[in-house]
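For the sequence shown, my numbering begins at 68 and goes up steadily by one. Glycine is no exception: its CB is placed at the ideal position from the N, C-alpha and C atoms. Just so it is clear, the structure is predicted and the values come from calculations on it, not from any experiment.
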Amino acid sequence: MPDEIVAPVAATEEEWYDEDEIPCCTLRPISLPGEREMTEKVYDEGAEVYLSRQNTVSHDTTIDDEEQACLFFSDGHWFIEDRSRDNSTYVHAGAGIKLEPGDIIRMGDRLFEFNIKTRNK
């Protein structure tokens with residue numbers, strides 16, 4: 068993991084999406100040396116997303132195969148909650164659960180980059 072992670076300053080709700088847009092977030096697995104680049108997954112606000120090995124990196128056995136974490140949107144912000152049996156989900160090594168663009172999330176031994184964006188309704 069890099070020594071220091073600098074995340075961009077989060078915009079307020081009014082600055083980053085309009086009423087005709089849907090706030091989305093992306094979670095991109097950070098490839099390990101020798102691995103091919105993996106594609107990001109896009110999640111819309113409105114539903115809780117339960118992250119597990121099956122819907123993140125299926126070959127990574129350090130990620131829980133049932134529920135590793137829950138990703139959700141509330142009050143204009145994205146949050147993550149650890150659901151793993153061994154408390155192995157970290158944001159900046161335990162800095163908190165409110166997510167900001169560019170945050171690095173660790174689930175098991177795998178790092179993911181979190182970002183926000185919008186799509187049209």
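Look up residue i in the DSSP assignment and give the residues it is bridged to.
i, result
"Pro96", "Phe179"
"Met174", "Thr156, Arg177"
Could you tell me the distance, in whole angstroms, from the CA atom of residue i to the CA atom of residue j?
i, j, result
"Asn182", "Glu167", "7 Å"
"Ile97", "Val109", "15 Å"
"Ala160", "Asn187", "Unreliable placement is indicated for Ala160, whose pLDDT of 49 sits below 50; no coordinate value is reported for it."
"Leu118", "Arg103", "21 Å"
"Gly163", "Glu133", "Its pLDDT being 48, under 50, Gly163 is placed unreliably in this model, and the value from its coordinates should be taken loosely. Straight-line Cα distance between these residues: approximately 22 Å."
"Ile89", "Met105", "24 Å"
"Thr156", "Asp87", "33 Å"
"Ile130", "Arg173", "9 Å"
"His144", "Glu180", "16 Å"
Under a Cβ-count criterion, where at least 16 other Cβ atoms within 10 Å of its own Cβ denotes burial, should residue i be classed as buried or exposed?
i, result
"Asp85", "exposed"
"Pro100", "exposed"
"Gln121", "exposed"
"Ala136", "buried"
"Asp153", "exposed"
"Thr128", "exposed"
As an exercise, report each continuous beta strand (DSSP E) stretch of at least 3 residues that is fully enclosed by the segment 115–146, in chain order. 116–118, 136–141
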